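Peer 1: Starting off with a structure, shown below.
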Amino acid sequence: MIKLQHRHRLWLLILSALILTLLAVFFSPIHQSRNFYDYADQRTILSIPNFWNVITNLPFALVGIIALKNVKKPETLTLEPTMRNAYLTMFWGLIAVCIGSGYYHLVPDAFSLMIDRIALSIVFMALYCIVLAEYISLSLGKRLLLPLIVYSTLSVVYWYITDITTGRGDMSAYVLVQVIPIIHLPVIIALFKAKFSHGRCYVFALVSYVISKWAESNDELLYELTNGFSGHSFKHLFAALGGYFVYWGLKKRQVLKKGR
3 MIKLQHRHRL
13 WLLILSALIL
23 TLLAVFFSPI
33 HQSRNFYDYA
43 DQRTILSIPN
53 FWNVITNLPF
63 ALVGIIALKN
73 VKKPETLTLE
83 PTMRNAYLTM
93 FWGLIAVCIG
103 SGYYHLVPDA
113 FSLMIDRIAL
123 SIVFMALYCI
133 VLAEYISLSL
143 GKRLLLPLIV
153 YSTLSVVYWY
163 ITDITTGRGD
173 MSAYVLVQVI
183 PIIHLPVIIA
193 LFKAKFSHGR
203 CYVFALVSYV
213 ISKWAESNDE
223 LLYELTNGFS
233 GHSFKHLFAA
243 LGGYFVYWGL
253 KKRQVLKKGR
């Protein structure tokens, strides 16, 4: 544990969030690449367009359904009781990602991408608030859940509106939805005391998601190397694996009486 006072750790999070926000404002508008919709694997199989990019979303639903069955039985998981809605939101969100991303890859356009990103944003914000509650402040995590979900949803809607009006949407507000949790989560886990064991599962989930983003950015390369399985399909599998790591951690962990 790095020896910083509690308030200094909090200020580190606050200042980093402010710096990232200022950078997003400074570099706005932030656009996605012009060939964003041009995926390496666009094969139609069994009359399903972009078959593998559609089908590889099913693990999201599988993880979400398995987790929801256990969250509804408090005795099967070690949960922060007052954050139960956040856990439910996250795992329902995984099912929504399956539906939204599947729909997007069936009909790739700005509207379907908006649906996909809203679902993903809800998962991110729910997980972020869960970690805040478990490591820093229960009341903070609980109070931020709804505002952050509203913000993340509006950030995607803003991108969509600017996309259909200008032809190139501004992602500056949406970028923060992903960047701040990716930076904050490992810092929180490293600097604050855990209430539960198996906190490393959150790290595993984050690493899995980072790998998924790498796979996404190397869509064509992986498609060529594997002779038919694209980076974007790998992205879905690794991102769903991240969701499973969160569930697995909840399944295995125990309350830590003295923190770490």
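Numbering (this note's numbering), first residue to last: 3 to 262. Just so you know, even glycine gets a beta-carbon here, dropped at the ideal spot from N, CA and C. Bear in mind the structure is a predicted one, so any value in this text is a computation, not a measurement.
Take the Cβ of alanine 26 as the centre, count every other Cβ of all protein chains shown within 10 Å, and call the residue buried at 16 or more, exposed below.
Peer 2: Your numbering for residue 26 matches position 24 in the sequence shown. Classification for alanine 26: buried.
Peer 1: Measuring CA to CA, which of Asp43, Ile57, Leu223 and Leu178 is closest to tyrosine 105?
Peer 2: Position 103 of the sequence shown holds residue 105. For the residues Asp43, Ile57, Leu223 and Leu178, the minimum Cα distance to tyrosine 105 belongs to Ile57.
Peer 1: Heavy atom of the ligand FAD less than 7 Å from the Cβ of isoleucine 151, yes or no?
Peer 2: Ligands in the displayed structure: none, and consequently the ligand FAD is not present.
Peer 1: Which of helix, strand or coil does DSSP assign to isoleucine 21?
Peer 2: Reading the sequence shown from its first residue, position 19 is the one you call residue 21. Isoleucine 21: helix per DSSP, three-state reduction.
Peer 1: I need the straight-line Cα distance from alanine 98 to isoleucine 151, nearest angstrom please.
Peer 2: Residue 98 sits at position 96 when you count from the first residue of the sequence shown. Residue 151 sits at position 149 when you count from the first residue of the sequence shown. Spanning the two alpha carbons is a distance of roughly 14 Å.
Peer 1: Tell me, to the nearest whole angstrom, how far the beta carbon of alanine 112 is from that of aspartate 165; I am working on the premise that it is less than 8 Å.
Peer 2: As a first step, residue 112 must be located in the sequence shown, where it is residue number 110. As a first step, residue 165 must be located in the sequence shown, where it is residue number 163. Right, the Cβ-Cβ distance comes to about 5 Å (below 8 Å), so this counts as a contact.
Peer 1: Are at least three pairs of beta-carbons, each pair with one atom in the region 207-223 and one in the region 67-74, less than 8 Å apart?
Peer 2: The answer is no - the region 67-74 does not touch the region 207-223, with fewer than three Cβ pairs under 8 Å.
Peer 1: Under the three-state reduction of DSSP, which class applies to phenylalanine 194: helix, strand or coil?
Peer 2: On the sequence shown, residue 194 is found 192 positions in, with the first residue counted as 1. In this structure, phenylalanine 194 counts as coil in the three-state DSSP scheme.
Peer 1: Tell me, which residues are paired with valine 257 by DSSP?
Peer 2: Indexing the sequence shown from 1 puts residue 257 at position 255. The partner list for valine 257 (beta bridge, DSSP) reads Phe198.
Peer 1: Around the Cβ of glutamate 136, are there at least 16 other Cβ atoms within 10 angstroms (buried) or fewer (exposed)?
Peer 2: Against the sequence shown, residue 136 aligns to sequence position 134. Under this definition glutamate 136 is a buried residue.
Peer 1: Which residues share a DSSP beta bridge with isoleucine 47?
Peer 2: Sequence index remark: in the sequence shown, residue 47 carries index 45 (1-based). Answer is Ile50.
Peer 1: Report, in whole angstroms, the separation of the C-beta atoms of leucine 96 and valine 65, which I expect to be a contact under 8 Å.
Peer 2: Here residue 96 corresponds to residue number 94 of the sequence shown, with the count starting at 1. Here residue 65 corresponds to residue number 63 of the sequence shown, with the count starting at 1. Right, the Cβ-Cβ distance comes to about 6 Å (below 8 Å), so this counts as a contact.
Peer 1: Exposed or buried, aspartate 43, counting other C-beta atoms within 10 Å across all chains shown (16 or more means buried)?
Peer 2: Taking the first residue of the sequence shown as 1, we reach residue 43 at position 41. Result: buried.
Peer 1: Considering tyrosine 153, what are the terminal residues of the alpha helix (DSSP H) in which it resides?
Peer 2: Residue numbering aside, residue 153 sits at position 151 when the sequence shown is read from its first letter. It spans 140-168 - the alpha helix (DSSP H) in which tyrosine 153 sits, taken as one unbroken run.
Peer 1: When you compare only the Cα positions, how much space is there between phenylalanine 198 and methionine 127?
Peer 2: As a first step, residue 198 is located in the sequence shown; it is residue number 196 there, counting from the start. As a first step, residue 127 is located in the sequence shown; it is residue number 125 there, counting from the start. The alpha-carbon atoms of phenylalanine 198 and methionine 127 are separated by roughly 20 Å.
Peer 1: Around the C-beta of histidine 238, are 16 or more other C-beta atoms found within 10 angstroms, so that it is buried, or is it exposed?
Peer 2: In the sequence shown, counting from the first residue as 1, residue 238 sits at position 236. Counting Cβ neighbours within 10 Å, histidine 238 comes out buried, since at least 16 surround it.
Peer 1: Among the residues of its own chain, which have a CB less than 7 Å from the CB of isoleucine 182, if the five just before and after it don't count?
Peer 2: Position 180 of the sequence shown, counted from the first residue, corresponds to residue 182. Within the same chain, isoleucine 182 has close Cβ partners Ala19 and Leu22.
Peer 1: Start and end of the alpha helix (DSSP H) containing valine 109?
Peer 2: Here residue 109 refers to the residue found at position 107 of the sequence shown. Neither: valine 109 is in no alpha helix (DSSP H) and is coded neither H nor E.
Peer 1: Would you tell me roughly how many angstroms separate the C-alpha atoms of isoleucine 4 and valine 209, rounded to the nearest one?
Peer 2: Taking the first residue of the sequence shown as 1, we reach residue 4 at position 2. Taking the first residue of the sequence shown as 1, we reach residue 209 at position 207. Note that isoleucine 4 has pLDDT 47, beneath the 50 cutoff, so the model's placement of it is unreliable and the number below is only indicative. So the alpha carbons of these two residues sit roughly 21 Å apart.
Peer 1: Answer yes if the region 179-194 comes into contact with the region 131-147, meaning at least three C-beta pairs across the two stretches below 8 Å, and no otherwise.
Peer 2: The region 131-147 is in contact with the region 179-194.
Peer 1: Beta carbon of valine 158, beta carbon of arginine 119: below 8 Å?
Peer 2: If you number the sequence shown from 1, residue 158 lands on position 156. If you number the sequence shown from 1, residue 119 lands on position 117. Yes.
Peer 1: Rounded to whole angstroms, what's the CA-CA distance from valine 248 to glycine 143? Just pull it up for me.
Peer 2: Counting from 1 along the sequence shown, the entry for residue 248 is found at position 246. Counting from 1 along the sequence shown, the entry for residue 143 is found at position 141. The straight-line gap from Cα to Cα measures roughly 17 Å.
Peer 1: DSSP three-state call for alanine 207: helix, strand or coil?
Peer 2: By 1-based counting over the sequence shown, the position of residue 207 is 205. Three-state result, alanine 207: helix.
Peer 1: State the DSSP-derived secondary structure class of leucine 115, mapped to helix, strand or coil.
Peer 2: The residue given as residue 115 occupies position 113 in the sequence shown. If DSSP states are grouped into helix, strand and coil, leucine 115 belongs with the helices.
Peer 1: Identify, in the order they occur along the chain, each residue of the same chain with its Cβ nearer than 6 Å to the Cβ of leucine 122, setting aside the five sequence neighbours on each side.
Peer 2: Looking up residue 122 in the sequence shown gives position 120. Counting only Cβ-Cβ distances below 6 Å, and skipping sequence neighbours, we find Val99.
Peer 1: Return the first residue and the last residue of the alpha helix (DSSP H) that isoleucine 68 is part of.
Peer 2: As a first step, residue 68 must be located in the sequence shown, where it is residue number 66. Unbroken alpha helix (DSSP H) run through isoleucine 68: 60-73.
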